[in-house]
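Engineer: Before I ask anything, let me first share the structure, which is written out below as structure tokens.
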Amino acid sequence: MLDATRLRTPCLFDKIVSADEAATLITDGMNVGVSGFTPSGYPKKTTLALAKAIKAGKKCRINIWSGASVGPEIEETLAEVGGISGRMPYYAASNKTLSRQINTGSVTYIDQHLSHFAQQIDYGFYGDVDVAIVEAAAINADGSIVLGSGIGNTPMLVKHAKKIIVEVNTSIPLTLEGMHDIYICSKPPERTEIPIYHVGDRIGSPYVSCGLDRITCIVESDIVDHVRNLSAPDDTSKKIAANLIDFLEHEQRHGRLPQQMLPLQSGVGSIANAVLMGLAESKFENLTMYSEILQDSVFKLIKCGKVTQASGCAFTPSPTVWEMYKEDPELYRNRIVLRPLDISNNPEVIRRLGVISMNTPLEFDIYGQANSTHVMGNRMMNGIGGSGDYMRNGYLTIFSTPSTAKGGNISSVVPMVSHADHTEHDTMVFITEQGVADIRGLSPLKGEMAAHAYEYQTDIEKGKRTVIGVNKFADNKAVKTNDVITADLSVAERQIARVNEMKAHRDQHAVDASLKALKEAANGEANLMPYLIDAVKTYATLGEICGVLREVFGEYQQGGNLF
297 MLDATRLRTP CLFDKIVSAD EAATLITDGM NVGVSGFTPS GYPKKTTLAL AKAIKAGKKC
357 RINIWSGASV GPEIEETLAE VGGISGRMPY YAASNKTLSR QINTGSVTYI DQHLSHFAQQ
417 IDYGFYGDVD VAIVEAAAIN ADGSIVLGSG IGNTPMLVKH AKKIIVEVNT SIPLTLEGMH
477 DIYICSKPPE RTEIPIYHVG DRIGSPYVSC GLDRITCIVE SDIVDHVRNL SAPDDTSKKI
537 AANLIDFLEH EQRHGRLPQQ MLPLQSGVGS IANAVLMGLA ESKFENLTMY SEILQDSVFK
597 LIKCGKVTQA SGCAFTPSPT VWEMYKEDPE LYRNRIVLRP LDISNNPEVI RRLGVISMNT
657 PLEFDIYGQA NSTHVMGNRM MNGIGGSGDY MRNGYLTIFS TPSTAKGGNI SSVVPMVSHA
717 DHTEHDTMVF ITEQGVADIR GLSPLKGEMA AHAYEYQTDI EKGKRTVIGV NKFADNKAVK
777 TNDVITADLS VAERQIARVN EMKAHRDQHA VDASLKALKE AANGEANLMP YLIDAVKTYA
837 TLGEICGVLR EVFGEYQQGG NLF
């Protein structure tokens, strides 16, 4: 039940409506901004009510603007009823229906560097913010808003929104109040420097400025953020963390890093979380973080005394994090500063503080390029997020990932990435469980990764590395060579005649039906093998089958150039 601790002036109680009533404010074609960052601090009840109304017959497809990915109550629920027309500036593959619709083109997705989006809203590049839906812990007497665990682009969305729906969530601890530092940059040419000189500097207000008259309605909520605990570090992640620590210590010994470690940034996900957690066993003390998202490991490092100050756009409100937070709210409130996304990811501040950027790619290549977004170059896994903001501006930039994926069946280190989000101009260091590749000051073809491949082959040739059947236990008997075989062109003519004869006697209706079923399956998420077998049984040719798949998936085009 909402009370005076949440709504801090009597007139706010007159604005309370049901989620169904609030959802009527959202109509077809609107740009709808939502609060939060990742599944942290995002609204839930209004979008659930909107999805219910669409399912009941309401015609409504909207463009969703946010800080980053949000929870299933927005992305998945609305996608399932066809309620999303466009999405900016980020999404993650965890919301499967939206992922499928983006990859088939039924939802228009514009991927952006996260530090850019708020200022481009401010410049009016994308049109009006018709409605902003904001999850809040409380609303002050002057109408300013107390946020929860995630800020994202909320301040800018509120600044420009024509209508504002505030979901006051009673599950958010009021002890979070004071953790936020809300600052909005002026537009050029009046823009000045962002006066952050240390990780913990506070330069703005604890609240999002709004005003009582601008709040259209209030919805009561108690739904917690949809977040699970991250997986525990495995042996591979621990080896990556050990290699990272060795590398940082090496840089200190050679005078390229100060003895008091520079601020750290860490990307999203279990691997990044596990690698960062490895710092608990390091010699480094009094660590600071200037990052985008603060995951479980940051709270653990604060608790054990390794991290003394952390700045971010949001923290991941997993069950583990909430348990630690509730044990000692004052500890975390004094150590953590939450900022708007365009401040947490701002290139100016990242460069001034000398942030050491650590992110996880899908794959990287021997030329120093990294792919953070696309599987096989054409299927978007997730947006680029803030990795570009940090990797282009960090004092030292590190990509870390296991050397293989899918149980060791796929290599994460490839000859050339299928899609390049980060070219060799943006990358410095790559770390896997196998070791460290430092490519600073090296040309692509003479880079450390290429050198490692050369070194590996040289070791084999010199006998320093044993490869069974190559330089040990090989059969060295002379191999008898045959005369050069010349192809008989008449074979091709006979084969073409056989195919034409087969086509003349097959059931063409059955062939067409099997190929149509294969195409429909390829456009969805089904296992294609049964459909391929059915097509073969009707005597569909390999060329016909490949033609259908080519229509759905397209044809791979090499995106890069060899040097």
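Throughout, our numbering is defined as the position within the sequence shown, counted from one, plus 296.
The beta-carbon is built from N, C-alpha and C at its ideal position, and this holds for glycine as well.
From a predicted model like this one, the values you see are computed outputs, not experimental measurements.
T393: which of I370, A414, Q415 and S411 sits nearest, CA to CA?
Structural biologist: The shortest C-alpha separation from T393 is found at I370.
Engineer: With a threshold of 16 other CB atoms inside 10 Å of the CB of L597, please say whether the residue is buried or exposed.
Structural biologist: With 16 or more Cβ atoms within 10 Å of its Cβ, L597 is classed as buried.
Engineer: If you follow the alpha helix (DSSP H) that G843 is part of, which residue opens it and which one closes it?
Structural biologist: That run of the alpha helix (DSSP H) goes L838 to F849.
Engineer: What are the start and end residues of the beta strand (DSSP E) that includes K455?
Structural biologist: Here K455 belongs to no beta strand (DSSP E); instead the alpha helix (DSSP H) covers T450 to H456.
Engineer: How many angstroms separate the CA atom of Q561 from the CA atom of F543?
Structural biologist: Computed Cα separation, rounded: 16 angstroms.
Engineer: Relative to the C-alpha of A457, which candidate in D685, M672 and I322 has its C-alpha closest?
Structural biologist: If we check each option's Cα against that of A457, I322 comes out closest.
Engineer: Could you tell me the boundaries of the beta strand (DSSP E) in which V603 lies?
Structural biologist: Segment V603 to G608, the beta strand (DSSP E) holding V603.
Engineer: How long is the line joining the alpha carbons of L540 and V571, rounded to whole angstroms?
Structural biologist: Straight-line Cα distance between these residues: approximately 8 angstroms.
Engineer: Can you list, in chain order, the residues of its chain whose CB lies under 6 angstroms from that of P860, leaving out five sequence neighbours each side?
Structural biologist: Because the chain here runs from 297 to 859, residue 860 falls outside it and cannot be looked at.
Engineer: If you follow the alpha helix (DSSP H) that R383 is part of, which residue opens it and which one closes it?
Structural biologist: That residue, R383, is in no alpha helix (DSSP H); its beta strand (DSSP E) goes I380 to M384.
Engineer: Taking 6 angstroms as the limit between beta carbons, can you name the residues of its chain near V732, skipping five residues before and five after?
Structural biologist: Around V732: N539 and F543.
Engineer: If we count Cβ pairs, one from each stretch, closer than 8 angstroms, do we get three or more for the segment 663-670 versus the segment 635-642?
Structural biologist: These segments do not touch.
Engineer: Is K768 helix, strand or coil when you go by DSSP?
Structural biologist: Looking at K768 - three-state DSSP - the assignment turns out to be strand.
Engineer: Between A433, Q605 and S381, which lies nearest to C356 when the distance is taken from Cα to Cα?
Structural biologist: The shortest C-alpha separation from C356 is found at S381.
Engineer: Can you find at least 3 beta carbon pairs, one from the segment 470-481 and one from the segment 311-318, that sit closer than 8 angstroms?
Structural biologist: Touching, no, given that fewer than three Cβ pairs across the two stretches are closer than 8 angstroms.
Engineer: Who are the near neighbours of F309 in its chain, counting only those whose CB is closer than 7 angstroms to its CB and skipping five residues on each side?
Structural biologist: Cβ within range, chain order: L303.
Engineer: Who are L692's beta bridge partners in DSSP?
Structural biologist: Looking at the DSSP assignment, L692 forms a beta bridge with I652.
Engineer: Ignoring anything shorter than 3 residues, give me the beta strand (DSSP E) runs that lie fully in the segment 310-382, in order along the chain.
Structural biologist: Complete beta strand (DSSP E) runs here, min 3: 327-330 and 358-361.
Engineer: Give the DSSP-derived three-state secondary structure of F660 in the structure shown.
Structural biologist: Here F660 sits in strand by DSSP.
Engineer: Given a cut-off of 8 angstroms on the beta-carbon distance, is the pair T837 and A806 in contact?
Structural biologist: No; because the gap between Cβ atoms is not below 8 angstroms, this pair is not in contact.
Engineer: From V495, P306 and G363, pick the residue whose C-alpha is nearest to that of Q416; which is it?
Structural biologist: Looking at the Cα atoms, G363 is the closest of the given residues.
Engineer: How would you write the range of the beta strand (DSSP E) that S562 sits in, first residue to last?
Structural biologist: Here the beta strand (DSSP E) through S562 covers L560 to S562.
Engineer: For the segment 669-684 against the segment 500-510, do three or more pairs of beta-carbon atoms, one drawn from each stretch, fall closer than 8 angstroms, so that the two count as touching?
Structural biologist: Flag = no, the segment 669-684 and the segment 500-510 do not touch.
Engineer: From this set, A818, E376 and L692, which residue's C-alpha is nearest L346's C-alpha?
Structural biologist: Among A818, E376 and L692, the Cα nearest to that of L346 is on E376.
Engineer: Which two residues bound the contiguous alpha helix (DSSP H) that contains L303?
Structural biologist: Careful: L303 lies outside any alpha helix (DSSP H) and carries neither H nor E.
Engineer: Which same chain residues, not among the five before or five after A318, have their C-beta less than 6 angstroms away from its C-beta?
Structural biologist: The residues are T342, I461, C513 and V515.
Engineer: Just confirm the distance between the C-beta atoms of V504 and V454, as a whole number of angstroms; I'd bet it's less than 8 angstroms.
Structural biologist: At roughly 6 angstroms, the Cβ-Cβ gap stays under 8 angstroms, so V504 and V454 are in contact.
Engineer: For T762, count neighbouring C-beta atoms within 10 Å of its own C-beta (all shown protein chains included) and say buried if the count is 16 or more, exposed if not.
Structural biologist: T762 is exposed by the Cβ-count criterion.
Engineer: Judging by CA-CA distance, which residue of L344, P339 and A437 is the nearest neighbour of D299?
Structural biologist: The residue with the shortest Cα to Cα distance from D299 is A437.
Engineer: Is the segment 583-597 touching the segment 420-440, taking contact as three or more C-beta pairs under 8 angstroms?
Structural biologist: With the cut-off at 8 angstroms, the segment 583-597 and the segment 420-440 do not touch.
Engineer: Quick one: Cα of R790 to Cα of M798, how far?
Structural biologist: So the alpha carbons of these two residues sit roughly 12 angstroms apart.
Engineer: According to the neighbour-count rule (16 or more other Cβ atoms, all chains shown, within 10 Å of its Cβ), is M672 buried or exposed?
Structural biologist: Counting Cβ neighbours within 10 Å, M672 comes out exposed, since fewer than 16 surround it.
Engineer: Quick check on DSSP: helix, strand or coil for Y405?
Structural biologist: Three-state result, Y405: strand.
Engineer: Using 10 angstroms around the beta-carbon of S482, count the other beta-carbons present and answer buried if the total reaches 16, otherwise exposed.
Structural biologist: Label assigned to S482: exposed.
Engineer: Under 8 angstroms between the Cβ atoms of V651 and Y621?
Structural biologist: In this structure, Y621 does not lie closer than 8 angstroms to V651 by Cβ.
Engineer: Once the 5 residues before and after S566 are set aside, which same chain residues still bring their CB inside 7 angstroms of it?
Structural biologist: If we look at S566 and ignore the five residues flanking it on each side, its Cβ neighbours are L526 and S527.
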